[in-house]
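Engineer:
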Amino acid sequence: MQSELYTIPSIDWSLVMPFIVVVITGVIGLLIEMFRPKQNNNAIVLVSLAGLAGAFALLIPQLGVTTTTTFAGMVLRDQFGVLLQLIIVAGAFLSLIFSEPYMKQRRIAHGEFYPMALWATSGAMLMVSSDNLLMIFVGLEVLSIALYCLAGLARDEQRSEEAALKYFLLGAFASAFLLYGIAFVYGITGSTSLAVFMETLARAPGINDLTVLFAITLLLVGFGFKTALVPFHQWTPDVYQGAPTNVTAFMSAVSKVAAFGAFARVLEASLPVQEFWMPALIVITILTMTVGNLAALVQKDVKRALGYSSIAHAGYVMVALLAYLQDPAKGSLGTVITYLAIYTFMTIGSFAVLSLTAVNKSEGTRYQDLYGLWNRAPLAAGCLVLFMVSLVGVPPTAGFLGKFQIFQDAMGAGLPLLAIALAINSFVSAYYYLQIVRAVFVDEEGALRVQSAPMNAGLRFALVICAVGVMPILFAPILSQGKQTVTLSKMIESGAFLQRPVASVPLNPEPGEKVEQITPSAPLSTVTGN
Amino acid sequence: MFLIWYLVACFGSAIVVPVFSNVSRKAAAWFAIGIAALGFGWGVSLVGSPVTSISLPWLPDYGIQFAFRLDSYSLLFWLLITGIGVLVLDYADKYMGEKPAGRLLGWLIAFMASMLAVVSADDAITLFVAWEATSLSSFALISIKFTDEKSRKSATQALLVTGMGGLFLFGGLLWAGVENNTFQLSQISSLSGLALVLITIGCFAKSAQWPLHFWLPNAMAAPTPVSSYLHSATMVKAGVYLLGRLSPVMGFQPVIHWFGLITAFWGATLALGERDLKKILAWSTVAALGQMVALVGLGTETAAKAAVLLIFAHSLYKAALFMGAGLIEKATGTRDMTQVGGLAKPLRPLAIAFAFAGLSMAGFPPLIGFVAKEAALEAFSGLSLAVFVASSALGCVVAWNVTYLPFWRGEAPETVQSLKLTEWGGIGLLSGLSLAFGIAIPLIGGALLGPAASSLSGSEIAKKFSLWHGFNFALLFSVLVLVVGFLLATQSLWIRTTIEGVRKRLTPSTGWETFAKNGLKAILTSGWDFSRVVIKTSFRQHLELYFVAFLGLGLLIFLLKGFPIAFWHGPTPTPIDVALAVFASLAAIAALFVPSRLGTVTLLGIVGVSITLTYVKFSAPDLGLTQVLVETLTVVLFVLVFAYLPRFTSISTKSQKVKDLALALGFGSMMGALMLGVFTFGKESTISNFFAEQSVPGAKGSNVVNTIIVDFRALDTFGEITVLAVAAMGVHALVRLRLQSQGRTG
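Protein chains in written order, with the working numbering: chain S, 1 to 530; chain U, 1001 to 1746.
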């Protein structure tokens, strides 16, 4: 009796190894921070970067391997998750590598930045590698709580503090919504697994519509916050502007990728009732693109403008995602992944350049502060121009390739409205990106005497990688690959979805088996929820 | 394959030349010229040979490839681009004088390569990429003096107009690609509706057709080599090229035809009202482009022949005139035609070259411009013929204005230096070619222009090219154009002042340029309005929006799915349940009205305890335990941080409070209704029975609460203990901090 009651699930550690490496690296970093002899962060930086590189290396062999689960179905390894994890780790690496000189310039070189960033990364990795809502939630919280602290890294500065507090309070609300949604999902299906959720919806269409729809709405609000969709975007400009630039870079890439990864899984699980949320999300997506771009037009601060731009880009990713969900044959998750990857390079690169403008404690991110950058730091200025051009989506940059792909997916999937909105928005956005380009070239004579920090090796490295990253040639194979191999579930059409070895919980479980599934859920959620 | 390697080499040298230019400027310039000459030579070797095509896979899954196809029509453009490219590169090197020229040359080569890619692309996406590359390099070239505010502005305007046009083009190409199920231009079999409209708009923006014509004269802020290359000879013809390329499969051409004619007339008229030599030439370029578009829009064989001739003739004479304008500016320091005169004496070779170019522009035999005009007059009929004759006559006046007035009238200032052969040589060559090709028209017509016209119209054109067609209507009109033109030319001064006067009286609010500017401004203003209305900065508003959005979505659901009517399906509530609920609600409401912070926290604690008791009541002791601990900890933390918080002040206005109340009530009732709805779904609770049954056999303990906490959910308990320990450490830190600060102050 006893042995049947408690079966210890067999665990495939290789699946979670990259995650574990990142977490442990964080712990090591913190230990070094505590016992280091000298007052510099070099050791921590090295260890952190090595850890991320190790995680990256461990992830690569997992590409193209068949979908499996471990930890009793709580951890899922599929192509989608692995690709997103690669982007997350790369993004973290790129934003960490240029951080140290910048933080020194601003006198905020606190050693705890690195462990926190690593843990945030681990949270993000967790978010995209599970289709269990509880795991996603835990990942989200690990990511978010670390980010709240990071946003307030410049402790002496009011703006940074404000950013942290706002982010935290709104984030807590969003988490509450999300949790409520998860509770509803559990109420409907008796499980927090998205696979079970989808199965339930698919098997019994119209199963208590009201609750299902509310559950989805609540999840939507929660993820809408994290992915910065209008009207849940309000925190973005404040936090992007207030947080130290390296944190902004980190956040704009890592957090966004993770949020979209999880959101994609949730939406896909909700496909059986898509006729409800699809129209709502189309409206939200159009609003997101439009509000983001229009608001960015009139900003006077580059970081803030890029904050709004990130909202607009979230809208673009949503277009790709909706195209896939509307018609998995025409749209493709490959497009979503590719665009996220391209955006990661563009955004981290831009913020890396902006980190140069920080001089002696303060940072200068107004348009005027970029004046004459061309003369002061040609490499950085050239890269910034490249990133801006790519953000607009001008060929032959990768930004164009990504947008083109999205446009085509949307047209193919029968969402011409979104495609047209995307095109118009790209045009509008050109204006403010070009303003930034213009500022770079304005002669500093007559303008404010502006300075910028000296170039450094880390920054140079990050810039070169990002610049290579916006070359389209890289992504063409990924796109073709993505079209064929990356699916959350082609299984939807083929019906293979229902046979997938997910959490070993049948719809109406025997009492004995139920223990495993229920045990962690209720008390954990109560603790974290408070 | 040479084609692709050549394009790659061009882009490569666009990077190499500026760098190399710092080492040896002369060698860099020769290298650049050599590259262009190589392309020209290759082009010449292809004359008369069949279509060359090549393609490399790019995104095979989407049917997109790097595909190039060079037929006679494309080859004509290829030769013009590389041939004039050679001269312009040479001219640009000298134009820059002592100033570094590397960047200019580099961008010119990059532009040349993109333009070559445009005219040889056979894949819609390849074409679009190259198209945008020409826009971009044009942006860089116009703003090559990027420290100058005006250059930057004009460059941005040009980029916005052509960039927007590019977007339309992109949409159109995609549409056409989806409709025809191929992105290969040579396979597209029909083009209509939206796709055609979008493509046409894109081409119009690029080729400066009315009403998108205004950017071209402003782009004259660019250095003269750039103007002569991009804005007369090549880039602006990209729109004409694409319209021509697609003309065999196009629908509703009359519209395109008439837009072209309007542009032709309007451009010629405006050219007469300018004083700036480069602006005059720019407007006359607009006019010529209009004529080309009108011919392409006609779609007949004669029109195709005329279009090809006109493209060829225009490139030759206009490039010469532009380069000459640069020399005049160099020599006299101004481009204002009213300020210069009598230049024929010091600049005699230039004056003669100009005269030939001008005669070609006016359509005087035996220059190639005459042949082109003859062909065009043959192609038109009726009202279009009248408009064309009028615009050509005005064109004659323009030709007079630019070639006669600055050279042969008045006296030149003493300071003007004569020019060296190396300086005017290119211009002389182009003008000479205008004459030579006019005379040798059967030759060039048979080898190059005839096949080009055939591939433009999509069917074999049998018509011969010749200078002399005998006495016919076309000749009559040609003479008419020249006579009227000459008569008008004698009055050119009066015409200019009149047009200037009229333009001045028409307030600037009527032009298309202002319209576009206002459009941009409107976008910006709406951005501001958005910021004001939608973008809230206060935290309260952020939260409000959250709840409003959720309420909106919730109401939508209720509207769609109906309000839960079945109110209670759960177990009948006992008096204890009711009491707890009422207790919690009362405490929550009271918390709103208590003036002190401590009171609020206490009341919230009471809410928490009520919830805990509810858990216990529904036999979830472990949950209850957790909840109690969390509640306690929260209160402790609250009390500890009180010291750091400002006083409890009322910051809300009355209206704000009303709004808050409405929001709170709305949200509360929605969640309440939802909870009732959930109960209609009510599952029977099963888990507690399981624990009760399994307590003794499974966990060897008869106290169910104990077994749940330490056996069934041991790991959870462990986690909770950890969390509490961490929280306790936080409390400890807070207390220590407080003691320290007290110690410091006390």
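Here a beta-carbon is modelled for each residue, glycine too, at the ideal position from N, C-alpha and C.
What first and last residue would you give for the alpha helix (DSSP H) that runs through Ala-398(S)?
Structural biologist: 398 to 412
Engineer: Tell me whether the beta-carbon of Leu-213(S) lies closer than 9 Å to the beta-carbon of Trp-277(S).
Structural biologist: yes
Engineer: Here's the rule I'm using: 16 or more other beta-carbon atoms within 10 Å means buried, otherwise exposed. How should Arg-1335(U) be labelled?
Structural biologist: buried
Engineer: Taking only runs of the alpha helix (DSSP H) that begin and end inside the segment 280 to 342 of chain S, which ones reach a length of at least 4 residues, in chain order?
Structural biologist: 302 to 326
Engineer: Does Gly-469(S) have its Cβ less than 9 Å from a Cβ in chain U?
Structural biologist: no
Engineer: Taking the beta carbon of Asn-246(S) as the centre, do at least 16 other beta carbons fall within 10 Å, making it buried, or is it exposed?
Structural biologist: buried
Engineer: Would Arg-366(S) and Asp-301(S) be called neighbours here (beta carbons separated by less than 9 Å)?
Structural biologist: yes
Engineer: Residue range of the alpha helix (DSSP H) that Arg-1540(U) falls in?
Structural biologist: 1539 to 1561
Engineer: Rounded to whole angstroms, what's the CA-CA distance from Asp-209(S) to Phe-197(S)? Just pull it up for me.
Structural biologist: 13 Å
Engineer: For Asn-375(S), does the three-state DSSP call read helix, strand or coil?
Structural biologist: Note: Asn-375(S) maps to helix in three-state DSSP.
Engineer: Using a cut-off of 9 Å between C-beta atoms, extract the partners of Val-221(S) located in chain U.
Structural biologist: Chain U residues near Val-221(S): Tyr-1546, Ala-1549, Phe-1550, Leu-1553.
Engineer: If I measure Cβ to Cβ from Asp-156(S) and keep anything under 6 Å in the same chain, skipping five residues before and after, which residues do I get?
Structural biologist: Nothing listed; no residue qualifies.
Engineer: Taking the C-alpha atoms as reference points, what is the distance between Ile-1015(U) and Ala-1032(U)?
Structural biologist: 11 Å
Engineer: Please list the partners that Lys-1561(U) has in chain S, where partner means a Cβ-to-Cβ separation under 8 Å.
Structural biologist: Asp-209, Leu-210, Leu-213
Engineer: Whose C-beta lies closer than 7 Å to the C-beta of Lys-1305(U) among residues of the same chain, with five residues either side of it excluded?
Structural biologist: Ala-1375, Ala-1453, Ile-1461, Lys-1463
Engineer: Look at the Cβ atom of Pro-86(S), then the Cβ atom of Leu-63(S), and state whether they are nearer than 9 Å.
Structural biologist: The question names Pro, but residue 86(S) in the sequence shown is Leu. The Cβ atoms of Leu-86(S) and Leu-63(S) lie closer than 9 Å to each other.
Engineer: Just tell me which of Val-1658(U), Val-1630(U), Asp-1711(U) has its CA closest to the CA of Ala-1725(U).
Structural biologist: Val-1630(U)
Engineer: Starting from the C-beta of Tyr-167(S), find all residues in its chain whose C-beta is less than 6 Å away, skip the five residues before and the five after it, and write them out in chain order.
Structural biologist: Tyr-148, Ala-151, Trp-235, Val-239
Engineer: So, for Leu-373(S): in the same chain, excluding its five sequence neighbours on each side, which residues have a beta-carbon less than 6 Å away from its beta-carbon?
Structural biologist: Ala-381, Val-440
Engineer: Taking only the alpha-carbon atoms, compute the straight-line gap between Val-1731(U) and Asp-78(S) and give it to the nearest angstrom.
Structural biologist: Val-1731(U) and Asp-78(S) have their C-alpha atoms spaced approximately 42 Å apart.
Engineer: Which residues does DSSP pair with Arg-1348(U) in a beta bridge?
Structural biologist: Answer is none; Arg-1348(U) lacks a bridge partner.
Engineer: Please identify the residue among Pro-416(S), Tyr-431(S), Leu-356(S) whose C-alpha is closest to the C-alpha of Gly-393(S).
Structural biologist: Tyr-431(S)
Engineer: Rounded to whole angstroms, what is the Cα-Cα separation between Pro-272(S) and Val-317(S)?
Structural biologist: 22 Å
Engineer: In the structure shown, what three-state DSSP assignment does Asn-1180(U) receive?
Structural biologist: helix
Engineer: I need the boundaries of the beta strand (DSSP E) containing Ala-1067(U), first residue and last residue.
Structural biologist: 1064 to 1070
Engineer: Could you work out which residue in Phe-223(S), Ala-195(S), Glu-199(S) is closest to Leu-178(S) when comparing CA atoms only?
Structural biologist: Phe-223(S)
Engineer: Shorter than 9 Å from the beta carbon of Arg-1152(U) to some beta carbon of chain S?
Structural biologist: yes
Engineer: Along the chain, where does the alpha helix (DSSP H) containing Val-1044(U) start, and where does it finish?
Structural biologist: 1025 to 1046
Engineer: Any C-beta of chain U sitting closer than 9 Å to the C-beta of Trp-235(S)?
Structural biologist: yes
Engineer: Can you pull the DSSP bridge partners for Glu-363(S)?
Structural biologist: Ala-358(S)
Engineer: Residues in the same chain with beta-carbon distance under 7 Å from Trp-119(S), minus the five sequence neighbours each way, listed in chain order, please.
Structural biologist: Val-23, Gly-26, Val-142, Ala-146
Engineer: Contact criterion: CB-CB distance below 9 Å. Does Lys-256(S) meet it with respect to chain U?
Structural biologist: Judged by the 9 Å Cβ criterion, Lys-256(S) is not in contact with chain U.
Engineer: Which residues of chain U have a Cβ atom closer than 8 Å to the Cβ of Lys-166(S), listed in chain order?
Structural biologist: Phe-1539, His-1542
Engineer: Taking the C-alpha atoms as reference points, what is the distance between Asp-1660(U) and Phe-1550(U)?
Structural biologist: Spanning the two alpha carbons is a distance of roughly 15 Å.
Engineer: Unbroken alpha helix (DSSP H) runs of length 4 or more, entirely within the segment 1265 to 1332 of chain U: which are they?
Structural biologist: 1277 to 1298, 1301 to 1332
Engineer: Can you tell me which of Lys-256(S), Gln-241(S), Ala-423(S), Pro-244(S) puts its alpha carbon nearest to the alpha carbon of Phe-225(S)?
Structural biologist: Taking the Cα of Phe-225(S) as reference, the smallest distance to any Cα among Lys-256(S), Gln-241(S), Ala-423(S), Pro-244(S) is reached at Lys-256(S).
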